[in-house]
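**Q** After the structure tokens below, expect a handful of questions from me.
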Amino acid sequence: MLRAAGVGVGDEVLVPAFGNVEIARAVTLAGAVPAFADIDPATYGLSPLAVAEAVTARTAAVVAVHRFGRPADLAGLRAIGQRHGLLVIEHRDGTGEAPHEEIATRRERAAYLDARLRGVETPDRDAGHTYEQYVVRVPGNGRPDRDAFAHAVRARGVACSVPVKTPVHRLPGFRRCVSLPQTERAADETLALPVHPGLTKRDMQKIASACNALGGLLQSAS
70 MLRAAGVGVG DEVLVPAFGN VEIARAVTLA GAVPAFADID PATYGLSPLA
120 VAEAVTARTA AVVAVHRFGR PADLAGLRAI GQRHGLLVIE HRDGTGEAPH
170 EEIATRRERA AYLDARLRGV ETPDRDAGHT YEQYVVRVPG NGRPDRDAFA
220 HAVRARGVAC SVPVKTPVHR LPGFRRCVSL PQTERAADET LALPVHPGLT
270 KRDMQKIASA CNALGGLLQS AS
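In the working numbering, the protein residues as written are 70 to 291.
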């Protein structure tokens, strides 16, 4: 899509550093240079304000990535694109659109955890959220931090994963000296808990109990 739009050598493309490196690689394959803007802490997508501040004379396009099933602020990014004459491309960071029944089930499981989890920050609610991943934040200003929390939850038999271990702007080949505080914080704090349709009610109770067993420690440390 970048090549078809004439984006190439000498151009910059604004992309998120919070996510997979494949987006930045695609930009380089088109002959352009990936530049990084910060994310919105609620959507985990590019922040329109951060994008507006990162635009330079070389900026030709913006890649809006929808993360975890939570839509990015596409309207805000398109408004920035129109203001500066930039191409805005959408990319969904997932396996594609799931059946309506599966999405409804994931939303039910997400609502269950929203109502029961303590000591962690639950995902921002949005009518369009499909919960491809249920991503919470674990406070990092005390102990246990996210990694210790994840280790303890796994020890209680609950599968969980760190969605983004290292932001792209800190990876070899894409290192940039750029201030991305929300990206850095999200990489340090986020943890994905299971909400897939195969989980039973007992499984969901186990997830909540495992997390809440550490909730008091987290609250006292914050």
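Glycine residues also receive a C-beta, built at the ideal position from the N, C-alpha and C atoms. Remember, it's a predicted structure, so these values are computed and weren't measured experimentally.
Tell me where the beta strand (DSSP E) around T259 begins and ends.
**A** T259 to L262
**Q** Provide the residue span of the beta strand (DSSP E) that contains A113, from first to last.
**A** It should be pointed out that residue 113 corresponds to Tyr in this sequence rather than to Ala. Per DSSP, Y113 belongs to no beta strand (DSSP E) and is neither H nor E.
**Q** Tell me whether I259 is buried or exposed, calling it buried when 16 or more other Cβ atoms sit within 10 Å of its Cβ.
**A** Contrary to the premise, residue 259 reads as Thr rather than Ile in this sequence. T259 sits buried, since 16 or more C-beta atoms from the chains shown fall within 10 Å of its C-beta.
**Q** The alpha helix (DSSP H) that contains D216, what's its start and end?
**A** R215 to A224
**Q** Determine contact between the region 73-87 and the region 121-140, defined as no fewer than three beta-carbon pairs at a distance below 8 Å.
**A** In short, these stretches touch, since the Cβ pair count reaches three.
**Q** Which residues does DSSP list as the beta-bridge partners of T128?
**A** For T128, which the question treats as bridged, DSSP gives the partners E81.
**Q** Pick out whichever of E122, L115, I158 and P110 has its Cα sitting closest to the Cα of A74.
**A** I158
**Q** Just grab the DSSP bridge partners of P103 for me.
**A** V82
**Q** Out of curiosity, what's the CA-to-CA distance linking G154 and V134?
**A** Between the alpha carbons of G154 and V134 lies a gap of roughly 19 Å.
**Q** Taking DSSP as the reference, what is the three-state secondary structure of S278?
**A** helix
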